[in-house]
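So that you can map any letter, position 199 of the sequence shown is 199 in our numbering, and since no number is skipped, the others follow by simple counting.
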Amino acid sequence: MIYSCCNENRRDLVRSESTLNGIDFLEVLDRAAPSATPRQRTLLVRLLRPAAGLAAENVAIEGGERITAIRALWAHPADAIPPADLGPEDASFFAGLPEAAATLVVRTDAAGDYSAYRLRLVRSRTDPSPHAGFDPPLAAIDFSFKVECPTDFDCQDDHRCAPEPGEAPDIDYLAKDYASFRRLMLDRLSLLMPDWRDRGPADLGIALVEVLAYVADHLSYRQDAVATEAYLGTARRRISVRRHARLVDYRLHEGSNARAFVQLLVAPEADDDEPGRPILVPQGSMLLTQVVGAGGCIPLTNPLPGRLAPLELALRQNPTVFETLHPLRLFTSHHLMPFYTWGDSACCLPKGAVRATLRGHFPNLAAADGEPGKLLVFEEVLGPLTGRPEDADLAMRHAVRLTAVRAFAPKQNEADPPAPLTDAVTGEAITELRWHEDDALPFALCVSSRTDLAHGEVAVSDVSMARGNIVLADHGRTLAEEPLGAVPPPHLFMVSQAGGPCTPPTREAVPPRFRPALGARPLTHEAGFGAAPPPSAAAAMTMPPAGLRPAIALTETSAPGRPRWEARQDLLGSEASDRHFVAEIEADGEVRLRFGDDRHGMRPQPGSAFSATYRIGQGRAGNVGARALVHVVIDDARIAGAANPLPARGGTEPESMEEARQKAPFAFRTLERAVTPADYAALAERQDGVQRAAATFRWTGSWHTAFVTVDRTGGAAVTEEFEAGLRGRLEPFRMAGYDVEVDSPRFVPLELDLSVQVAPDYFRSNIRAALMQALGSRTLGDGRRGLFHPDNLTFAQPIYLSAIYAAAQAVPGVVSVEVTRFHRQGLPSRRALDESRLDLGRLEIARLDNDRNFPEHGVLRLTIGGGK
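This is the structure we're talking about:
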């Protein structure tokens, strides 16, 4: 047989329509051979019919490379093997084979090698022609002695009639533009078709050449563009820069939307306690900047069918749109709430205050269980010196989130009804408030005052008041259910497995590219309110752009149940079954959606239709000024409008590509693990309110513990709340097997005695007060700090006598200064005086508060001579 055929029908033809015999298949006995039978030396030749008269001289074995000239020792039908050639056990094995009469058992003198062999049934050793009664094509068969030997490859032979490879054409591979491609094709055609000489523009051949040159020119440009986008330094598209940066763990941020604290105004005549009809503003309600011809409340639904809806008319003026981040119930009494000064006048809330008292009974300021505290805005509504609203300082406004509200007096008996909290002297109802420490007043807020001489020197109360009904809103307008089309059917196919003459090539559909674009821009990137709202008003306005997510979600409208697809910053962490996608934004703000590939994220199937719900509004355009938001879109006429006491802030523009090129190569150097004590200290210093930090590893009996000692800004104490926050920040970075504990520094109180000589024309009392301030631990009225202010000192910082002399000599009226005592409190020593410095340990910080209530915090003594 010299042919390689796809369908071997010959044996079926011989078996059914002929009296001839032939070989069906051959099996080499190896592992399945009986114990007394040598392995790889016994061949089972299955014939189409039983054949008698075959012996060893009728079997010829050819082939081999290392082992050749293999001879058959004997050959018998499986059911008629003489006992002399086999033992009883082996004879019963061969007699029990299926179709034993048609199986020829051949014993060879040797086992072959790994090459191919051929067994032929011949007339005799001297006559190689096919045995009588056998079909010539089926009188021989190829086989291998090592068919059962372990191998990593398929034992089936692959007989392919592959075409001869053609010679590569001799062309110029440097052709890159239209002219060179046209010249290249004409040169090639001149070689293939020397008789075609017409080069006129009207010739059909020239027309085809020029069309192909045009297409080749565009493909060449595409190749150059791909090469350009392949590197961070040369990429020109924002999407390419974003992907390159992500490979080195740097996220190119797309900016952030602004946020604002907005007061929702309730009509004075509205009844906020009507049964079954509370005044509720749902989450996602729209707030608009000034719209000409619209009232404070714009209906959400159209009250006059057949005419344009008021909301549509308002949106045609392109106002800036904000949306509320959480629902809120409104109360008429929360519009303006006065502070209670307990009968005193000319009062103010000092800088750093975290509690106050309101005049009136406001039980609804308390938050329900599990809800965040209510938001308030403290605002100066009258000028302290004039008593006029127009003279109020617009900078004297501050937002806080309440943490505790006390509006009821303690019960004497459990059965007593709740009674409002009152002033024990005047009997006036009051409400006590406390807000988050992060929202401590950044300035002194005037509560009551006395006007100047030009305005009558009259007492003015309610200079500043608290505004309630405050909702947190962010910039962006929601567009719902925008159709994006459907995934097209595949139109390209690739050969996944090459075929041969017997098997056609396997075609695999190339997934169609489906990257729909959104119809509006810019896409909002938001932090959202989430299940855990910000604990403070300050935290609500702190939104790092790198951690924001695109405000978009997709609905697969063609699938049962309309499954939802969620946006991700990338698909590197998505599983094959996750319905995730990425919103990629170009430099002009165009948004295209990229889906997964069934390895990282699910690939949508052809025919899948999608709709998008997303928000538009981003960047600095949302940083509107105070009182800019005036309209509320709602169907409740009891709401009169809106006003934002503070300007919106937080809106930032997308990061530029050039900035990403500079930062991305160094992103991996950012400290993202804590291994050494210095790592723990560096990570702790990233926390807001931490001036310096030091860390120490200690063995605590069963494991190591990293003790992080923190020097807080302003000398603040390490509270349980602060410790929990810092430990939570360090948790993702710590090593396994290491606990984290946060403790306070070891403060070292000092004793300092000075002998001071004062100039004759200065009062000693004034000089004493000035020296106490200069060498104190507080911030002076002009913003300067005392020498021993906590922010001037940190761990292991030595105290030099020269700094003490310089601070004292800088006080006007001081003639001379002598330090007579300088040491740690309770440990008298002249060493610091002699060395002109006091050294401290690694976790120690010097302290000299000179507070009579706490003399253990350091003492300053002044002996003053001279002066008046």
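Built from N, CA and C at the ideal position, the CB exists for glycine as well.
Take residue i and list the residues in its own chain whose beta-carbon comes closer than 7 Å to its own, dropping the five residues that flank it on each side.
i: cysteine 297; result: Val632, Ile634, Ala637, Ile639, Ala640, Gly641
i: arginine 238; result: Ile585, Glu586, Ala587, Met657
i: glycine 63; result: Ser115, Ala116, Tyr117, Arg118
i: glutamine 687; result: Leu726, Arg729
i: threonine 37; result: Leu29, Asp90
i: alanine 520; result: Leu479, Ile616
i: alanine 175; result: Phe181, Leu184
i: valine 742; result: Val708, Val710, Val718, Glu723, Leu726, Arg727
i: isoleucine 430; result: Tyr340, Thr357, Leu358, Arg359, Leu421, Thr422, Asp423
Use the C-beta contact count for residue i: other C-beta atoms within 10 angstroms, 16 or more gives buried, fewer gives exposed.
i: alanine 399; result: buried
i: serine 536; result: buried
i: tyrosine 250; result: buried
i: serine 777; result: buried
i: tyrosine 340; result: buried
i: glutamate 379; result: buried
i: cysteine 881; result: Limits of the chain in this structure are 1 at one end and 868 at the other, which puts residue 881 out of reach.
i: methionine 193; result: exposed
i: histidine 218; result: exposed
i: glutamate 8; result: exposed
i: histidine 580; result: buried
i: glutamine 40; result: buried
i: glutamine 618; result: buried
i: aspartate 679; result: buried
i: lysine 374; result: buried
i: valine 215; result: exposed
On the three-state DSSP scale, how would you describe residue i?
i: phenylalanine 94; result: helix
i: glutamate 876; result: Outside the displayed span of the chain (1 to 868) sits residue 876, for which this structure offers no information.
i: isoleucine 81; result: coil
i: isoleucine 67; result: coil
i: glycine 865; result: strand
i: threonine 301; result: coil
i: serine 536; result: coil
i: alanine 100; result: helix
i: valine 291; result: coil
i: histidine 857; result: helix
i: alanine 258; result: coil
i: alanine 640; result: strand
Alpha carbon to alpha carbon, what distance is there between residue j and residue i?
i: glycine 867; j: serine 816; result: 12 Å
i: valine 630; j: threonine 451; result: 32 Å
i: alanine 807; j: valine 814; result: 11 Å
i: leucine 315; j: valine 582; result: 29 Å
i: methionine 494; j: glutamate 508; result: 5 Å
i: leucine 548; j: proline 790; result: 36 Å
i: alanine 454; j: tyrosine 762; result: 35 Å
i: isoleucine 552; j: proline 483; result: 13 Å
i: glycine 841; j: phenylalanine 707; result: 16 Å
i: glutamate 428; j: proline 275; result: 28 Å
i: glycine 53; j: phenylalanine 134; result: 12 Å
i: threonine 670; j: arginine 188; result: 57 Å
i: histidine 334; j: arginine 568; result: 40 Å
i: aspartate 834; j: alanine 770; result: 27 Å
i: serine 35; j: alanine 576; result: 52 Å
i: arginine 355; j: histidine 253; result: 38 Å
i: phenylalanine 25; j: alanine 56; result: 18 Å
i: lysine 146; j: glycine 112; result: 8 Å
For residue i, which residues in the same chain have their Cβ closer than 6 Å to its Cβ, ignoring the five residues on either side in sequence?
i: phenylalanine 331; result: Asp272, Asn364
i: aspartate 462; result: Pro338
i: valine 458; result: Thr451
i: alanine 774; result: Ala807, Val811
For residue i, which residues from the same chain have a beta carbon less than 8 Å from its beta carbon, with the 5 sequence-adjacent residues on both sides left out?
i: alanine 444; result: Cys348, Leu349, Pro350, Lys351
i: asparagine 623; result: Ala258, Pro647, Ala648, Arg649, Gly650, Gly651
Legend entry - 4 or more residues per run - each alpha helix (DSSP H) lying fully within the region 657–736: If we require 4 residues or more, the alpha helix (DSSP H) runs fully inside the region 657–736 come out as 657–663, 677–684, 720–730.
Legend entry - Minimum length 3: unbroken beta strand (DSSP E) runs contained in the region 163–234: The beta strand (DSSP E) runs of length 3 or more contained entirely in the region 163–234 do not exist; there are none.
Legend entry - Ranges of the beta strand (DSSP E) found wholly within the region 421–465, counting only runs of at least 3: Runs of the beta strand (DSSP E) lying entirely within the region 421–465 and spanning at least 3 residues, in chain order: 430–435.
Inset, instruction - Taking only runs that begin and end inside the region 481–521, name each unbroken beta strand (DSSP E) of 3 or more residues, in chain order. - result: DSSP runs (the beta strand (DSSP E)) wholly in the region 481–521: 493–497, 506–509.
Inset, instruction - Please specify which runs of the beta strand (DSSP E), each continuous and at least 3 residues long, are wholly inside the region 734–789, giving them in chain order. - result: With a minimum length of 3 residues, the continuous beta strand (DSSP E) runs that stay inside the region 734–789 are 738–743, 746–758.
Legend entry - Runs of beta strand (DSSP E) wholly within the region 105–151 (minimum 3 residues, chain order): Correct list: 117–121, 140–143.
Legend entry - Whole beta strand (DSSP E) elements within the region 571–607, 3-residue minimum: Whole beta strand (DSSP E) segments, 3+ residues: 580–585, 591–595.
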